[in-house]
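In this text, residue positions in the sequence shown follow this note's numbering: the first is 693, and each later residue adds one.
Note that CB positions come from ideal geometry on N, CA and C, so glycine has one too.
Quantities reported herein were computed from a predicted structural model and do not represent experimental measurements.
Below you'll find the structure, written out as structure tokens, and then a few comments.
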Amino acid sequence: MTDITSPYYPYYKVHEAYFGFDQFAYFPKKICDYLIDAPQGLYTPPDDNTYPRCRLWKYLYYDGAHPLDNPLPTMQQKMDVLFNPELPTEPPTDKGYRLFPQQYIKQSQTDAQTRIYCYMGRTVANAQNNTFAASVIFDVFTYYGYELNTKTDVYSRSGAIVADLIEALHGVCMDGIGTFQMAKQLHPDSGTRAIFDGDTNVGHELIIGLEMSTTANRDTAAFNNLPNFGDNQNIKII
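Here's what the structure looks like:
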């Protein structure tokens, strides 16, 4: 008889579940939090152009020539350009909103600027090894007058941001449950393409795969032949 405390009562769950698929909705914020690169404990974001998130922020925040020659934006400056859905048309500074954990919303743009939109795309399942791959989409738009104004060998501002996003994410395991991979073997949508909003903004779209693992949490007998992951009896190393 099924345990009445089972979330699947009155039925049995007989197959491993996708690992916390409820986290799918949280990933845009998690990813934006990672990109914001906030100080934490002994960690201070370095103002060093060899770091991809440092370069990303300089290209995103500074609109003029030689953006990498500017200081890394402060935490307050970063938070000021993070989209606030409660005040969609009232950004706190004249920089406007520039980082959006959601899809394109043109109505909140009042001035020329560079922007990143981060949201979840198509999900594909791999039944062979009980994993699935979500796609994370970044739409990087910039005002056409800013796209080529860096006055450096980096000719495309939006292209530079996409390159920094790939470097900052590819191979990174976020929260210990998902790994970003820029590979069509993981997700068929992975890649980049040029985009245009039909008005004054041009840019690039990046789609990167995020592989999620599974648990062995089911109502029938446990997998006694698999090692445990730490002390958690529900997570197995597949």
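- Beta-bridge pairing by DSSP links L774 to L791.
- Put simply, the backbone Cα of S827 is about 15 Å away from that of V854.
- The stretch 836–854 and the stretch 751–764 touch, with no fewer than 3 CB-CB distances between them shorter than 8 Å.
- In this chain, Y704 is not harboured by any alpha helix (DSSP H), its DSSP state being neither H nor E.
- A Cβ-Cβ distance of about 6 Å is found for the pair C724 and L791, placing them in contact under the 8 Å criterion.
- Judged by beta-carbon spacing, R747 lies beyond the 8 Å limit of L727, meaning their Cβ atoms are not closer than that value.
- The Cβ atoms of F872 and H862 lie closer than 8 Å to each other.
- When the Cα atoms are used, R885 and P738 turn out to be separated by approximately 30 Å.
- In this structure E897 is in contact with I829, their Cβ atoms being roughly 7 Å apart against a cut-off of 8 Å.
- Boundaries of the alpha helix (DSSP H) around F719: F719 to I728.
- Assignment of V854 by DSSP, reduced to helix, strand and coil, places it in the helix class.
- With contacts defined by Cβ atoms closer than 8 Å, I900 and D831 do not form a contacting pair.
- For K787 against Q768, the beta-carbon gap comes to about 12 Å, at or over 8 Å, which does not count as contact.
- Less than 8 Å divides the Cβ of K722 from the Cβ of D867.
- Apart from the 5 residues on each side of it in sequence, Y811 sits with its Cβ closer than 6 Å to the Cβ of P720, Q794, Q795 and I829 in its chain, given in chain order.
- E903: member of the beta strand (DSSP E) spanning N893 to M904, first to last residue.
- The alpha-carbon separation between T766 and G733 amounts to approximately 16 Å.
- DSSP, reduced to helix, strand and coil, places Y809 within a strand of the structure shown.
- DSSP, read as helix, strand or coil, puts A860 in helix.
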